[in-house]
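For reference, the structure is listed below as structure tokens.
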């Protein structure tokens, strides 16, 4: 059955403000959208996503290019559905690795791979402590699920570069073995 337009107040009651801000920033400011907020958006449903997008476009971003914004909203929706679907088919190693990565560090590493930003020393140390195999598993998964249109060879080469830069950072004095 086709669902009609959703009532914005009904949608707002079912969606956290944090995720609303994340979705809005990902559409209007190319911000990062966490897997958790993607899952919540898919649970909320396409009618609410479309209602939020059209309401934000009219009320908060009237000067935004409507066609580009609607296309970006569709892209975000498609990515979120892919993330939600991948959860149902995620292998045990992928699930275990995803549980280790705090979202903030995961975001830093992902932005570094796809946008060339710098990973903080603290996140680098966390990344190295989780191990190369987890890094590789998540890099492969994020390409396939979150960035399928990106050049895979380039993404994996960039991922390798991020790993090597992080692995070269000295461990904090507290975690160094005593001599």
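In my numbering, the protein residues as written are 29 to 207.
Where a beta carbon is used, it is the ideal one built from N, C-alpha and C, also for glycine.
{"Item": "Is the Cβ-Cβ distance between residue 110 and residue 142 less than 8 Å?", "Value": "no"}
{"Item": "First and last residue of the alpha helix (DSSP H) that includes residue 55?", "Value": "45-56"}
{"Item": "Determine contact between the segment 98-110 and the segment 46-55, defined as no fewer than three beta-carbon pairs at a distance below 8 Å.", "Value": "yes"}
{"Item": "Can you tell me the Cβ-Cβ gap for residue 197 and residue 153, rounded? I've got them flagged as a contact below 8 Å.", "Value": "7 Å"}
{"Item": "Can you check the segment 49-110 for any alpha helix (DSSP H) of at least 4 residues that lies completely inside it and give the ranges in chain order?", "Value": "63-72 and 74-87"}
{"Item": "Output needed for residue 187: all residues of its chain with C-beta closer than 6 Å, excluding positions within five of it in sequence on either side, in chain order.", "Value": "141 and 167"}
{"Item": "In this structure, does DSSP put residue 176 in helix, strand or coil?", "Value": "coil"}
{"Item": "Closest to residue 69 by CA distance: which of 44, 84 and 158 is it?", "Value": "44"}
{"Item": "Is the CB-CB distance between residue 47 and residue 65 below 8 Å?", "Value": "yes"}
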